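**Q** Let me begin by handing over the structure; questions about it come next.
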Amino acid sequence: MKLKTAINRLEPLVNKKFEDIFSKEQMKDIIINKGRSGQLLELALGLNNSSRKLDFEDGELKTNKCNSKGKPLETMYITQISRIIDDLLKRKDFYNTRLYHKIKNLLYVPISKEGEPKEWMFLPFTHINLEKDEFINLDRDEFQNLKTQLEKDYYTICSKLKEHIENSEDGFIHTSNGEFIQIRSKDSKPYHPIYSEIYNNEVSNKNHAFYFRRQFMMFINDY
């Protein structure tokens with residue numbers, strides 16, 4: 014499915030309560046399973062809940078918890094780094110990375126989770142295409158600033174990871190922040206260490222991932 018097809022299917026769902034879209038059975042355990050609301054959106058759009066490199070043929074779907082006015086309440090997961098750690102340490106060109114591939118054509122759907130799950134809603138979405146300069150809520154200068162900052166954040170984080178490995182007491186990577194994106198731990202027991210061929214050693218005792226910081230969602234939604 015193309016991303017623009019998904020947008021056409023998404024528009025009628027915006028600002029509708031979950032109880033008007035999904036059954037009680039579909040919403041079962043939605044509070045315990047934090048990813049369930051995103052899975053339900055995928056099903057509503059006609060996507061299968063399966064592992065794939067991208068949600069759409071040409072882009073990625075991202076959802077995030079927010080309040081009723083769309084203000085983000087959490088960071089937003091992008092992709093794990095265990096398989097690309099050496100690319101990061103070598104400062105691989107930003108536009109050839111897995112990270113850029115995941116964010117270059119992005120459909121962001123904030124989910125208001127105030128009240129009971131039946132009252133939750135998909136709020137107005139934002140589509141940003143870093144490849145074609147297609148965007149919502151941003152003028153051209155703001156868009157270019159966003160694209161430039163994401164690239165800058167990537168290289169800043171790459172440098173911080175290398176610095177942590179070479180200078181921290183444990184020789185491991187740690188939380189590394191840019192303005193809009195960050196790397197931090199994402200794992201559960203049993204943990205999955207990250208091995209670097211460059212250093213011929215483990216550089217973390219658990220997996221880490223890229224996340225969008227709340228500043229990113231606030232920027233694109235003009236907060």
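For what it's worth, my numbering labels the leading residue of the sequence shown as 14, then goes sequentially. Note that the Cβ used here is the ideal one computed from N, Cα and C, for glycine as well. Bear in mind the structure is a predicted one, so any value in this text is a computation, not a measurement.
Tell me which residues share the same chain as G72 and place their Cβ nearer than 7 Å to its Cβ, disregarding the 5 neighbours each side in the sequence.
**A** Cβ neighbours of G72 beyond the five flanking positions: L16, N118, L119 and L120.
**Q** Are A57 and I34 touching if we call contact CB-CB under 8 Å?
**A** Cβ distance < 8 Å, so A57 and I34 count as in contact.
**Q** Residues in its own chain within less than 6 Å of K131 by CB, not counting five upstream and five downstream?
**A** For K131, where only same-chain residues beyond five positions count, the Cβ hits under 6 Å are F31 and E32.
**Q** So what's N186 in DSSP terms, helix, strand or just coil?
**A** The residue you asked about is not Asn; residue 186 is Ile in the sequence shown. It is coil, neither helix nor strand.
**Q** Just the C-alpha distance for L101 and I91, rounded to the nearest angstrom, thanks.
**A** If you take the alpha carbons of L101 and I91, they lie about 15 Å apart.
**Q** If I measure Cβ to Cβ from L12 and keep anything under 6 Å in the same chain, skipping five residues before and after, which residues do I get?
**A** Outside the modelled stretch of the chain, which goes from 14 to 236, sits residue 12, for which no answer is possible.
**Q** Quickly, what does DSSP pair C79 with across the bridge? List them, please.
**A** P85 and S125, per the DSSP bridge assignment.
**Q** With 16 as the cutoff for other CB atoms within 10 Å, does Q157 come out buried or exposed?
**A** Q157 comes out exposed.
**Q** For I211, which residues in the same chain have their Cβ closer than 8 Å to its Cβ, ignoring the five residues on either side in sequence?
**A** Counting only Cβ-Cβ distances below 8 Å, and skipping sequence neighbours, we find D99, L102 and K103.
**Q** Can you tell me the Cβ-Cβ gap for T76 and G51, rounded? I've got them flagged as a contact below 8 Å.
**A** With 8 Å as the limit, T76 and G51 qualify as a contact, their Cβ atoms being about 4 Å apart.
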